[in-house]
Amino acid sequence: MGTQLSGQPVLILPEKAQRFLGRDAQRMNILAARVVAEAVRTTLGPKGMDKMLVDSLGDVVITNDGVTILKEMDIQHPAAKMMVEVAETIDEEVGDGTTTAVVLAGELLKKAEGLLDQEIHSSVITKGYRMAAEECIKILNQIAENVSPDQEDILKKIAVTSMSGREVEIAGEYLARIAVQAVKQVMEKTDEKIGVDIDNIKVEKKQGASIGDTQLIKGIVFDKERAHSGMPLRVDNAKIALLAVALEVKKTEVSAEIRITDPDQLKAFLAEEEKMLREMVEKIKASGANVVFCQKGIDDLAEHYLAKEEIFAVKRVSESDMKKLARATGGKIITNLKDLTKDDLGSADAVEERKIAGEEMTFIEGCKDPKAVSILARGGTEHVVDEVERGIHDALCVVSKAIEDGKYVAGGGAPEIELAKKLRAHAAKIGGREQLAIEAFADSLEVIPRSLAENAGLDPIDMLIELRAKHEADGRWVGLDVFEGKAVDMINKGVLEPLRVKTQAIKSAAEAAVMILRIDDVIAAAAMEKGRPPTPPSPPGEEEL
């Protein structure tokens with residue numbers, strides 16, 4: 077890239093840099109984003125297909141979870157990376173709806189390309205898209221149904237819907253029940269609203285058993301064993317001390333040297349160390365604790381004394397697990413052993429070490445009204461147990477969002493068809509060129525029921541005609557039953573989704589499409605670093621500067 081000044085070239089960018097201007101830049105970005113959307117489109121719905129992803133090391137992931145597929149793909153194009161960011165953001169915010177958002181964003185860009193070909197400026201299209209997205213959110217809030225934490229049947233249906241089309245679907249009802257119980261256990265009510273932090277639900281996965289062996293533990297499970305083989309394997313009526321301090325002889329803060337010139341001095345030094353460690357254990361014993369979880373190390377001698385006192389101890393427990401233990405057992409995390417009293421202890425019916433899939437694990441069970449719980453996910457193979465974990469994560473997310481917002485909508489493409497119908501009526505009131513963009517947004521929404529029909533082997537045109545006809549006759553929750561190949565009421569069918577999943581998917585898809593459409597100049601620096609992918613070839617008509 078350069079220009080001429082008094083006959084002398086002035087270089088602004090490196091010699092091999094490439095630049096894409098105007099329609100070429102837009103066309104290139106739209107194509108890249110659409111390719112990503114097409115990659116996950118076939119995974120949508122209960123009859124969606126799986127993808128096998130093989131990384132550079134030969135590790136294999138088999139899933140139809142949109143965000144997992146996009147994370148595993150080694151995507152280089154900057155516009156395509158934006159689509160991956162959309163999926164990751166939705167996964168963090170609501171846990172489900174990632175495929176819907178990416179497919180919708182791809183379709184919005186496809187329709188925008190048609191408008192750009194009609195010489196409609198991208199600023200007009202982006203304004204229309206933003207207006208359409210706002211109207212969609214407004215309509216969804218008006219038509220959404222109410223749900224409360226007591227309506228477990230509805231919450232279970234929401235959880236089952238999030239797992240449909242996956243390998244775990246065979247145990248969907250069972251896993252959904254576990255997810256609902258876990259979320260209800262950790263939710264906290266305030267005067268104004270209900271809050272659910274799913275970080276308080278710990279999911280541990282172990283292969284070697286069936287999906288049906290997955291269990292909810294009213295307490296905490298983690299991958300640690302007893303500190304000493306002489307300690308009891310099980311402690312009933314556990315009184316638990318949570319220590320964020322090492323059970324070791326303290327080291328000095330500054331560099332120090334101790335000179336020992338006599339064997340008796342060495343003997344006295346060692347005896348003093350032993351005495352300090354014994355006092356630590358006696359302090360724990362005096363508090364009434366029979367179980368110790370220590371965030372830091374435990375000296376070998378301290379382990380010996382704890383074992384003699386029949387105290388179950390685990391060392392090097394992670395900080396996140398310590399916080400969950402405090403919420404589950406009601407104990408306080410102590411940073412100074414001298415402050416430990418019986419009031420600081422947590423309690424549980426039992427603490428036990430068990431061998432699961434060849435590895436020792438510690439179970440803290442029977443906590444009284446715990447605000448942190450664990451789910452032990454099981455599966456026959458590593459691939460299955462990974463898919464179980466992903467399914468449980470999605471179920472926990474959707475149930476928590478449904479409880480927090482107290483709203484849900486139907487699935488099966490029903491909200492999209494209803495939104496498309498109402499958006500077209502809204503567009504007619506707006507008029508102008510924005511009307512074309514709003515109508516394009518309405519048409520784009522129908523990609524969801526159309527994809528569901530295609531993935532189920534049904535005729536998408538016939539299904540769309542049937543769905544539109546039933547919505548015109550005021551059947552707002554009529555969606556596509558892919559198993560029967562008919563348009564039916566999805567609320568009665570039990571296909572439900574939280575309102576937040578749908579609103580977040582529409583907002584994110586619209587924002588991604590708007591961001592990509594606003595780019596009219598792509599400047600690609602030369603691939604200087606070794607191993608970096610080469611710059612893509614220039615499309616026809618590219619202007620070289």
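For the sequence shown, the residue numbers in this note's numbering are 77 to 621.
Quick reminder that beta carbons are idealized off the backbone N, C-alpha and C, glycines included.
Cβ-Cβ distance between residue i and residue j below 8 Å
| i | j | result |
| --- | --- | --- |
| Glu428 | Arg253 | no |
| Gly173 | Val577 | yes |
| Ile410 | Leu416 | yes |
| Leu452 | Gln257 | no |
| Lys269 | Val297 | no |
| Gly121 | Val598 | no |
| Ala155 | Ile592 | yes |
| Val475 | Lys281 | no |
| Ile274 | Cys473 | yes |
| Gly570 | Lys233 | yes |
| Arg242 | Ser527 | no |
Three-state secondary structure (DSSP) of residue i
| i | result |
| --- | --- |
| Leu319 | strand |
| Asn313 | strand |
| Cys623 | Outside the displayed range of the chain (77 to 621) lies residue 623, so it cannot be described from this structure. |
| Ser132 | coil |
| Val393 | coil |
| Thr438 | strand |
| Arg430 | strand |
| Thr457 | coil |
| Gly271 | strand |
| Glu280 | strand |
| Gly571 | Per the sequence shown, the amino acid found at residue 571 is Val instead of Gly. DSSP places Val571 in coil when its eight states are reduced to three. |
| Thr175 | helix |
Whole-angstrom distance between residue j and residue i, CA atom to CA atom
| i | j | result |
| --- | --- | --- |
| Val137 | Met149 | 11 Å |
| Ala580 | Gly142 | It should be noted that the sequence gives Gln, not Ala, for residue 580. Going by the C-alpha atoms only, they are around 15 Å apart. |
| Ala109 | Arg99 | 15 Å |
| Lys399 | Phe369 | 11 Å |
| Lys315 | Val390 | 14 Å |
| Leu184 | Leu191 | 11 Å |
| Val272 | Asp226 | 15 Å |
| Glu114 | Gly171 | 21 Å |
| Thr405 | Val393 | 15 Å |
| Ile582 | Lys300 | 43 Å |
| Glu132 | Ser305 | The question names Glu, but residue 132 in the sequence shown is Ser. Near 41 Å, if we compare the C-alpha coordinates of Ser305 and Ser132. |
| Leu318 | Lys265 | 26 Å |
| Ala235 | Gln371 | 35 Å |
| Ala181 | Ala586 | 6 Å |
| Ala513 | Glu465 | 40 Å |
| Gly467 | Thr175 | 14 Å |
| Leu323 | Arg354 | 10 Å |
| Ala177 | Arg544 | 22 Å |
| Ile151 | Gly533 | 29 Å |
| Lys359 | Glu395 | 23 Å |
| Met77 | Ala101 | Annotation note: pLDDT 48 at Met77 (below 50); position unreliable, coordinate value reported separately. C-alpha separation (whole angstroms): 16 Å. |
| Pro612 | His197 | Residue placement at Pro612 is flagged as unreliable, the pLDDT there being 49, under the threshold of 50; a coordinate-derived value is accordingly withheld. |
| Ile595 | Met239 | 37 Å |
Residue from the options whose Cα sits closest to the Cα of residue i
| i | options | result |
| --- | --- | --- |
| Lys384 | Asn412, Lys418, Ala303 | Ala303 |
| Asp425 | Val236, Leu107, Ala433, Ile440 | Ile440 |
| Glu221 | Ser286, Ala486, Ile592 | Ala486 |
| Glu463 | Ile246, Tyr381, Arg526 | Ile246 |
| Lys187 | Thr175, Thr202, Glu436 | Thr202 |
| Ala501 | Asp226, Ile234, Ser396, Ala208 | Ala208 |
| Leu146 | Asn217, Asn140, Val160, Gly434 | Val160 |
| Asp397 | Gly182, Asn217, Ala448 | Ala448 |
| Gly214 | Ala589, Lys498, Asp376 | According to the sequence displayed, residue 214 carries Lys and not Gly. The option with the nearest alpha carbon to Lys214 is Lys498. |
| Ala435 | Gln283, Asn568, Gln218 | Residue identity differs from the one stated: residue 435 is Glu in this sequence, not Ala. With distances taken between Cα atoms, Glu435 lies closest to Gln283. |
| Gly407 | Thr118, Asn140, Ser527, Val367 | Val367 |
| Gly364 | Asp535, Lys418, Pro339 | Lys418 |
Rounded distance between the beta-carbons of residue j and residue i, thought under 8 Å
| i | j | result |
| --- | --- | --- |
| Glu573 | Thr237 | 6 Å |
| Ser584 | Val162 | 5 Å |
| Glu522 | Ala496 | 5 Å |
| Val321 | Leu413 | 6 Å |
| Arg454 | Ala285 | 4 Å |
| Ile287 | Val244 | 6 Å |
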